[in-house]
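Numbering (this note's numbering), first residue to last: 14 to 394.
Worksheet: one structure, shown below.
In structure tokens, the structure reads:
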């Protein structure tokens, strides 16, 4: 504007006004994007319009499903009704238990040695009555920005309700009936599932991570049970499992793998230099496998999990409680803001549930023990 105007002096005088107007517009845009981005960015004072815009767009893209491929016809479907049908069909199949081989199941359970079992004191500790003060302490460790379940009530509201003395007796009755008898409100078996895109073909349902949004009162209960189970599980789970267990660091396995590869490379380099030296003639070609279980949490068989927990010595009332929490669930899938028809969840652990990680560790342990006890498998020496 200054370059092409004949009277630059007059224009220069109005430059401050123009700059103020530009700043005002930028501030307004920033405020709009802050509102779109949610209260997190407002609380943390982010002001960059570009950054906020990218945050909103990125979040919307991750949550939106533009099209899905019909697994039967291979056709790409873009209308909401077809997308919803494909998603519900996929998860109805995924959450239907497969037939299990009772003989193979028994063999797997027998890999758990008799000494890997909870003591009577540990069994008693996981079944101690729940009191309100314990729940209030657990609620202080919850994520304040987590999404609520179908009832829409966040942890903040639940915390205020639990602090209200007239409700304490009712809270004690509900939570202890759930722990000791496996009886709880029907809403604890209802959840809304959000699908988060991971990677790969976005039209393939397998490339979405399901996240179950359950009510806060349910998650507070499973958080409490999770803490109790974790306190007694470190003696049951081998050191080969490092995730989700207090006092263990998952990066140790990565470091061990790196050291093994470096040592193998060093030995092979020496062997090539030494030629016919008998010291290195025993070296074999070693193979490293990186295995990833597809839909790991979703495929856990609950009958198998019951038997594993029983073999580890967990009390029967707790096993009954866990089985009812994880099975006989009803899920509705949130797709582009629309809720699907109900999907029966008859197997698997819930993604996003505080209790799921430690339960998966316990379910996976017999498989690791079977490998460790099998003489046909030899580790790197």
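Here a beta-carbon is modelled for each residue, glycine too, at the ideal position from N, C-alpha and C.
Hey, how far is the Cα of residue i from the Cα of residue j?
{"i": "residue 211", "j": "residue 303", "result": "19 Å"}
{"i": "residue 220", "j": "residue 349", "result": "16 Å"}
{"i": "residue 377", "j": "residue 370", "result": "11 Å"}
{"i": "residue 86", "j": "residue 103", "result": "14 Å"}
{"i": "residue 327", "j": "residue 365", "result": "23 Å"}
{"i": "residue 234", "j": "residue 148", "result": "8 Å"}
{"i": "residue 379", "j": "residue 208", "result": "30 Å"}
{"i": "residue 281", "j": "residue 249", "result": "37 Å"}
{"i": "residue 312", "j": "residue 244", "result": "26 Å"}
{"i": "residue 307", "j": "residue 32", "result": "55 Å"}
{"i": "residue 65", "j": "residue 81", "result": "In this prediction, residue 65 has a pLDDT of 49, which is less than 50 and means its spatial position is unreliable; nothing more can be read from the coordinates."}
{"i": "residue 218", "j": "residue 100", "result": "7 Å"}
{"i": "residue 162", "j": "residue 206", "result": "9 Å"}
{"i": "residue 194", "j": "residue 390", "result": "43 Å"}
{"i": "residue 375", "j": "residue 127", "result": "15 Å"}
{"i": "residue 388", "j": "residue 115", "result": "24 Å"}
{"i": "residue 322", "j": "residue 166", "result": "32 Å"}
{"i": "residue 112", "j": "residue 342", "result": "19 Å"}
{"i": "residue 189", "j": "residue 132", "result": "22 Å"}
{"i": "residue 381", "j": "residue 186", "result": "39 Å"}
{"i": "residue 145", "j": "residue 36", "result": "52 Å"}
{"i": "residue 285", "j": "residue 279", "result": "10 Å"}
{"i": "residue 88", "j": "residue 34", "result": "51 Å"}
{"i": "residue 386", "j": "residue 223", "result": "35 Å"}
Taking the alpha-carbon of residue i as reference, which of the options has the nearest alpha-carbon?
{"i": "residue 260", "options": "266, 269, 247, 270", "result": "247"}
{"i": "residue 164", "options": "204, 354, 173, 382", "result": "204"}
{"i": "residue 93", "options": "134, 158, 77", "result": "77"}
{"i": "residue 241", "options": "82, 388, 358, 335", "result": "335"}
{"i": "residue 340", "options": "314, 252, 331", "result": "314"}
{"i": "residue 384", "options": "193, 125, 195", "result": "125"}
{"i": "residue 202", "options": "356, 390, 373, 38", "result": "356"}
{"i": "residue 270", "options": "84, 253, 198, 283", "result": "253"}
{"i": "residue 358", "options": "84, 216, 225", "result": "225"}
{"i": "residue 236", "options": "372, 36, 382", "result": "372"}
{"i": "residue 160", "options": "88, 228, 187, 345", "result": "228"}
{"i": "residue 184", "options": "138, 223, 142, 216", "result": "142"}
{"i": "residue 368", "options": "257, 285, 347", "result": "257"}
{"i": "residue 95", "options": "216, 305, 110, 156", "result": "216"}
{"i": "residue 196", "options": "330, 392, 134, 35", "result": "330"}
{"i": "residue 129", "options": "251, 138, 83", "result": "251"}
{"i": "residue 345", "options": "134, 168, 97", "result": "97"}
{"i": "residue 277", "options": "156, 300, 106, 29", "result": "300"}
When DSSP labels each residue in this structure, what does residue i get in the three-state scheme?
{"i": "residue 411", "result": "In this structure the chain extends from 14 to 394, so residue 411 is not present and cannot be described."}
{"i": "residue 358", "result": "strand"}
{"i": "residue 379", "result": "helix"}
{"i": "residue 222", "result": "strand"}
{"i": "residue 52", "result": "No answer about residue 52 holds up, because its pLDDT of 49 lies below 50 and its placement is not dependable."}
{"i": "residue 351", "result": "strand"}
{"i": "residue 236", "result": "helix"}
{"i": "residue 82", "result": "strand"}
{"i": "residue 241", "result": "helix"}
{"i": "residue 388", "result": "coil"}
{"i": "residue 173", "result": "helix"}
{"i": "residue 338", "result": "helix"}
{"i": "residue 345", "result": "strand"}
{"i": "residue 166", "result": "coil"}
{"i": "residue 118", "result": "helix"}
{"i": "residue 129", "result": "coil"}
{"i": "residue 304", "result": "coil"}
{"i": "residue 368", "result": "coil"}
{"i": "residue 272", "result": "helix"}
{"i": "residue 318", "result": "helix"}
{"i": "residue 192", "result": "helix"}
{"i": "residue 141", "result": "coil"}
{"i": "residue 331", "result": "helix"}
{"i": "residue 208", "result": "strand"}
{"i": "residue 89", "result": "strand"}
{"i": "residue 227", "result": "coil"}
{"i": "residue 110", "result": "coil"}
{"i": "residue 155", "result": "coil"}
{"i": "residue 312", "result": "helix"}
Compare the beta carbon distance of residue i and residue j with 7 Å and say whether it is the shorter of the two.
{"i": "residue 122", "j": "residue 324", "result": "yes"}
{"i": "residue 230", "j": "residue 171", "result": "yes"}
{"i": "residue 319", "j": "residue 332", "result": "yes"}
{"i": "residue 362", "j": "residue 317", "result": "no"}
{"i": "residue 239", "j": "residue 255", "result": "no"}
{"i": "residue 360", "j": "residue 180", "result": "no"}
Using a Cβ distance threshold of 8 Å, determine whether the region 29 to 42 contacts the region 172 to 180, with at least three qualifying pairs required.
No, they do not touch.
Can at least three beta-carbon pairs, one atom from the region 151 to 159 and one from the region 350 to 363, be found at a separation below 8 Å?
Short answer: they don't touch.
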